[in-house]
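Protein chains in written order, with the working numbering: chain A, 40 to 370; chain B, 200 to 522. Ideal placement from N, C-alpha and C gives every residue a C-beta, glycine not left out. Report on one structure; see the data block that follows.
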Amino acid sequence: MKKTANLSNSWLTSPVTRAMGALLIIFVIGLLFNADGAFFKWGTHRDMLRAVSVYGILACGMTMVIISGGIDLSVGSILALTAVCFSLFTIHKGINPFVAVIGCICIGTLCGVCSGAFIARFKIQPFIATLAMMVFARGVAKWVSGGQKISTAVQQADGSYKYVDVPAIFNSISSKIMGNNITVVTIIFLVCLLISWLLLVKLRYGRYIYAIGGNEEAARLSGVPVAMTKILAYGMSGLFCAVAGICQAAQELQGDPEAGVAYELSAIAMVVIGGTSLQGGKGSIWLTLIGVLTIGYLEKILSINAVGEDKRLMLTGAIIIAAVLLQKSKK
Amino acid sequence: MKKLFLLIMFSAVLILAGCAKKTPQTTAPGQPGAAETKAKWIIGMSQCNLGEPYRVQQNADVKMAAEQHPEIEVVFKDAQNDTLRQQAQMEEFISAGVNLIIISPKEAAPLTPVVATAIDKGIPVIILDRKVVGDKYTCFVGADNTKIGKAAGKWIVEKLGGKGKVVELRGLMTTPPAQERHAGFREAIKGSNGIEIIFDVDMKWLEPNARKEMESALARFPQIDLVYAHNDAGAHGAYLAAQAAGREKDIIFVGIDALQQEGQAYVKQGLLSVSFEYPTGGKEAVEAAMEILNGKTVPKDITIKSRIFTKENIDAGGEWLSE
Chain A
40 MKKTANLSNS
50 WLTSPVTRAM
60 GALLIIFVIG
70 LLFNADGAFF
80 KWGTHRDMLR
90 AVSVYGILAC
100 GMTMVIISGG
110 IDLSVGSILA
120 LTAVCFSLFT
130 IHKGINPFVA
140 VIGCICIGTL
150 CGVCSGAFIA
160 RFKIQPFIAT
170 LAMMVFARGV
180 AKWVSGGQKI
190 STAVQQADGS
200 YKYVDVPAIF
210 NSISSKIMGN
220 NITVVTIIFL
230 VCLLISWLLL
240 VKLRYGRYIY
250 AIGGNEEAAR
260 LSGVPVAMTK
270 ILAYGMSGLF
280 CAVAGICQAA
290 QELQGDPEAG
300 VAYELSAIAM
310 VVIGGTSLQG
320 GKGSIWLTLI
330 GVLTIGYLEK
340 ILSINAVGED
350 KRLMLTGAII
360 IAAVLLQKSK
370 K
Chain B
200 MKKLFLLIMF
210 SAVLILAGCA
220 KKTPQTTAPG
230 QPGAAETKAK
240 WIIGMSQCNL
250 GEPYRVQQNA
260 DVKMAAEQHP
270 EIEVVFKDAQ
280 NDTLRQQAQM
290 EEFISAGVNL
300 IIISPKEAAP
310 LTPVVATAID
320 KGIPVIILDR
330 KVVGDKYTCF
340 VGADNTKIGK
350 AAGKWIVEKL
360 GGKGKVVELR
370 GLMTTPPAQE
380 RHAGFREAIK
390 GSNGIEIIFD
400 VDMKWLEPNA
410 RKEMESALAR
420 FPQIDLVYAH
430 NDAGAHGAYL
440 AAQAAGREKD
450 IIFVGIDALQ
460 QEGQAYVKQG
470 LLSVSFEYPT
480 GGKEAVEAAM
490 EILNGKTVPK
500 DITIKSRIFT
510 KENIDAGGEW
520 LSE
């Protein structure tokens with residue numbers, strides 16, 4: 040009997056269950072305010088997944104960084120930089136798409152590694168280092184793009200424009216598969232989730248990330264390579280930013296140097312709502328998935344009901360607090 | 200203790216994230232020595248926000264026009280969508296003693312006093328595309344958003360034959376351009392009872408937002424005849440959403456601004472049915488500046504005409520809107 044009670048108690052208090060509670064509440068709200076049945080159509084859920092996938096990819100990297108005890112404010116800017124570079128490579132330069140993808144991933148990873156190096160080697164606070172990278176990467180994005188969106192309208196030397204075709208890879212990434220029921224960007228998001236899970240749970244470096252998040256000094260004394268682990272965490276965050284930037288560019292058919300503003304806050308909110316602790320050392324990529332879905336459904340429900348901007352912001356703030364309190368109250 | 204640290208850190212994140220966007224990006228006036236040998240007059244260009252493609256183009260138009268006049272040098276400053284910063288930059292121009300100022304104010308009321316200060320100091324001020332309160336300025340150059348919204352509304356009434364279901368994607372309702380494009384449009388369709396606005400949301404000028412909102416409209420309404428977006432990026436985002444839903448051929452997409460690389464490109468590619476030009480006025484502002492600097496009189500208000508771009512007339516350079 041005691042054993043049964045313990046198992047039951049354990050299930051009720053598990054982080055995943057608490058995170059699911061918030062998502063369930065959002066779902067019930069969606070059922071109640073279904074906007075003439077729009078909420079019951081699969082297309083609405085598919086569109087929600089598409090819209091939230093770019094944020095979700097950023098949140099994968101953010102999860103690793105937060106579990107390591109840090110924070111990454113530069114994700115939105117790196118997304119913009121890689122979106123601009125990807126558009127520049129594929130639309131303007133006509134570079135082979137796979138070379139362009141590799142190039143952009145290298146750029147994003149390099150940004151992340153630089154942040155990680157400053158944090159690990161020079162002991163700069165994570166939010167100061169990534170704040171600097173946030174500003175720097177945004178500046179590079181504007182410089183590379185000349186302040187303009189990089190699109191299929193290519194400016195000639197005399198100021199006139201020549202219009203080129205949309206690259207095939209843009210159409211591929213923007214397309215839908217499995218009978219038009221799921222978008223490729225959502226598949227990419229799921230792949231990123233899987234990669235994050237593998238890294239955090241199946242590889243030694245994942246355990247190192249949890250270790251330094253839990254107690255950095257104890258980890259160091261236990262022989263964990265603290266500096267390299269941090270660089271890895273931020274490097275992975277940068278890599279996922281590049282993937283998100285490529286998806287953003289493909290969906291918009293352009294590279295916008297202004298893209299990604301405040302995306303870091305959305306990514307952090309998704310991680311936190313999912314239940315990963317900002318103190319580090321605890322959390323899971325599946326909690327982040329629940330956080331992504333919670334915020335995604337919240338935004339979609341507000342959108343299909345055409346809720347005004349003022350009420351949207353108030354409701355979003357209130358529900359974020361409610362979701363976090365819901366989790367704490369059950370401990 | 201740990202919770203306090205968390206609270207402080209999270210607050211710091213929010214504060215710093217906000218501060219980060221306002222990192223100073225001031226361009227110093229040209230070196231006095233270089234200016235003296237190179238240009239006869241210095242013009243200060245105070246731009247409210249280079250984060251918008253329209254304003255990047257506006258600055259580019261000013262620069263292109265200025266290059267035709269070797270005797271002038273233009274110094275550009277970007278307020279990054281920050282009213283207080285634009286005030287400070289205006290004060291920098293005044294202190295530097297520029298010969299003339301061109302300003303595209305972010306907001307009317309907060310920039311009015313500093314424009315008046317410039318006038319008091321004998322520096323002519325050309326107001327570009329957005330206005331200030333009152334008439335203490337040298338010359339206004341710009342187009343008329345309400346008129347453009349009205350023209351769009353008339354075109355829509357005619358295109359739909361006075362009947363249809365319309366989605367309106369607003370720009371950013373705290374800004375005068377969006378308010379005027381909305382007001383002009385609503386006024387133009389007022390007499391047509393058959394036109395129904397079934398979905399009306401704010402997409403904040405951004406294409407990703409427009410796409411999301413349009414996805415919601417498509418999920419909710421089986422029939423949508425037309426989308427009126429306050430800018431071309433919004434119309435394009437709506438088009439992409441409709442295309443993904445396989446409904447882009449049943450819907451007419453209307454945008455405003457008609458930049459060469461955006462609205463005109465979309466019309467040429469057949470994505471939008473029409474785009475209404477909202478000219479930057481950069482060239483006209485420089486021409487007015489030359490008149491002023493050469494001691495000539497210019498009109499108090501110069502309203503620039505707009506063109507309408509459709510599939511039929513895009514290759515001929517569009518068609519002027521009638522008054």
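query = Nearest to B/A382 by CA position, among B/R419, B/A351 and B/D431, is which residue?
reply = Locating residue 382 of chain B in the second sequence gives position 183, counting from the first residue. It is B/A351 whose Cα lies nearest to the Cα of B/A382.
Residue from A/A156, A/S154, A/C153 and A/T129 with nearest C-alpha to A/C143 = By 1-based counting over the first sequence, the position of residue 143 of chain A is 104. Of the candidates A/A156, A/S154, A/C153 and A/T129, the one whose C-alpha sits nearest the C-alpha of A/C143 is A/T129.
ask   = In chain B, which residues lie with their C-beta within 7 Å of the C-beta of A/T83?
value = Numbered from 1 along the first sequence, position 44 holds the residue referred to as residue 83 of chain A. The answer, in chain order, is A418.
ask   = Thinking just about the alpha-carbon of each residue, which of B/E270, B/L439, B/E518 and B/I450 is nearest to the one in B/Q422?
value = Counted from its first residue, the second sequence places residue 422 of chain B at position 223. For B/Q422, the nearest C-alpha among the options comes from B/I450.
message = To be precise: take each residue of the stretch 193–205 of chain A, compare its Cβ to all Cβ atoms of chain B, and keep it if any distance is under 8 Å. Which residues remain?
response = Q194, G198, S199, Y200 and Y202
query = Given that A/S342 touches chain B, what residues does it touch there, using C-beta distances under 7 Å?
reply = Counted from its first residue, the first sequence places residue 342 of chain A at position 303. In chain order: K411, E412 and S415.
query = According to the Cβ coordinates, are B/V485 and B/H268 closer than 9 Å?
reply = Residue 485 of chain B sits at position 286 when you count from the first residue of the second sequence. Residue 268 of chain B sits at position 69 when you count from the first residue of the second sequence. Against a cut-off of 9 Å, the Cβ pair of B/H268 and B/V485 comes out as a contact.
query = Exposed or buried, what is B/Q256 when buried is set at 16 or more other beta-carbons lying within 10 Å of its beta-carbon?
reply = Translated into positions along the second sequence, residue 256 of chain B becomes position 57. It is buried - the Cβ of B/Q256 has at least 16 other Cβ atoms within 10 Å.
message = Output needed for B/A342: all residues of its chain with C-beta closer than 6 Å, excluding positions within five of it in sequence on either side, in chain order.
response = Against the second sequence, residue 342 of chain B aligns to sequence position 143. Y477, P478, I503 and S505.
key: B/M244: contacting residues in chain A (beta-carbon distance under 8 Å)   = In the second sequence, the residue the question calls residue 244 of chain B occupies position 45. The premise fails here: B/M244 is roughly 14 Å from chain A at the closest Cβ pair, so nothing lies under 8 Å.
inquiry  = Cβ closer than 8 Å: which chain A residues qualify as neighbours of B/A464?
reply    = Translated into positions along the second sequence, residue 464 of chain B becomes position 265. What B/A464 touches in chain A: S190, T191, A192, Y200 and Y202.
Any 3 or more C-beta pairs closer than 8 Å across the stretch 258–268 of chain A and the stretch 114–125 of chain A = no
request  = May I ask which residues mark the beginning and end of the beta strand (DSSP E) holding B/M372?
outcome  = In the second sequence, residue 372 of chain B corresponds to position 173, counting from 1. It is not in any beta strand (DSSP E) - B/M372 carries neither H nor E in the DSSP assignment.
query = For B/T509, which residues of its own chain have a beta-carbon under 6 Å away from its beta-carbon, when the five flanking residues on both sides are left out?
reply = Counting from 1 along the second sequence, the entry for residue 509 of chain B is found at position 310. The answer, listed in chain order, is V473.
request  = Return the CA-CA distance between B/L359 and B/T374, expressed in angstroms with no decimal places.
outcome  = Working through the second sequence from its first residue, we reach residue 359 of chain B at position 160. Working through the second sequence from its first residue, we reach residue 374 of chain B at position 175. Approximately 29 Å, taken between the alpha carbons.
ask   = Who are the Cβ neighbours of A/A306 in its own chain at under 7 Å, not counting the five residues just before and after it?
value = Here residue 306 of chain A refers to the residue found at position 267 of the first sequence. The answer, listed in chain order, is Y94, L97, A98, M101 and V114.
ask   = For A/A192, which residues does DSSP report across the bridge?
value = Your numbering for residue 192 of chain A matches position 153 in the first sequence. BP columns for A/A192 point to A/Y202.
query = Looking at the structure shown, is B/L243 part of a helix, part of a strand, or coil, going by DSSP?
reply = As a position in the second sequence, residue 243 of chain B is number 44, starting the count at 1. Reading off the sequence, residue 243 of chain B comes out as Gly, not Leu. Residue state, collapsed to three classes: strand.
Test: A/K162 CB closer than 9 Å to a CB of chain B = On the first sequence, position 123 is the one that residue 162 of chain A refers to. No, its Cβ sits nowhere closer than 9 Å to a Cβ of chain B.
request  = Report the neighbours of A/A77 on chain B: residues whose CB is nearer than 8 Å to its CB, in chain order.
outcome  = The residue you call residue 77 of chain A lines up with position 38 of the first sequence. The contacting residues are S415, A418 and R419.
inquiry  = Just to make sure I have the definition right: I need the residues of chain B whose C-beta is within less than 9 Å of the C-beta of A/A90. Which are they?
reply    = Within the first sequence, the letter at position 51 stands for residue 90 of chain A. By Cβ distance, chain B contributes P407, R410, K411 and E414.
query = Should the stretch 61–73 of chain A be called in touch with the stretch 291–309 of chain A, which here means at least 3 C-beta pairs below 8 Å?
reply = no
task = Compile a chain-ordered list of the residues in the stretch 265–298 of chain B whose CB is closer than 8 Å to at least one CB of chain A.
result = For the stretch 265–298 of chain B, which is checked against every Cβ of chain A, not one residue is closer than 8 Å.
query = Which class does B/R506 belong to by DSSP, given the choice of helix, strand or coil?
reply = Position 307 of the second sequence, counting from 1, holds the residue named residue 506 of chain B. Strand at B/R506.
message = Please determine whether the Cβ atom of A/A168 lies at a distance below 8 Å from any heavy atom of the ligand GTP.
response = Annotation note on the ligand GTP: not contained in the displayed structure, which lists no ligands.
inquiry  = Just to confirm before moving on: does the CB-CB distance between B/F398 and B/L425 stay below 9 Å?
reply    = Start at 1 with the first residue of the second sequence, and residue 398 of chain B comes out as number 199. Start at 1 with the first residue of the second sequence, and residue 425 of chain B comes out as number 226. Not a contact, by the Cβ cut-off of 9 Å.
ask   = Which one or two residues does DSSP pair with B/A476 in a beta bridge?
value = As a position in the second sequence, residue 476 of chain B is number 277, starting the count at 1. Reading off the sequence, residue 476 of chain B comes out as Glu, not Ala. Looking at the DSSP output, B/E476 bridges to B/D456.
message = Would you call the stretch 192–210 of chain A in contact with the stretch 147–159 of chain A, where contact means no fewer than 3 C-beta pairs closer than 8 Å?
response = no
query = How about B/A487 and B/I293: are their beta carbons less than 9 Å apart?
reply = The residue you call residue 487 of chain B lines up with position 288 of the second sequence. The residue you call residue 293 of chain B lines up with position 94 of the second sequence. No, the Cβ-Cβ distance between B/A487 and B/I293 is not below 9 Å.
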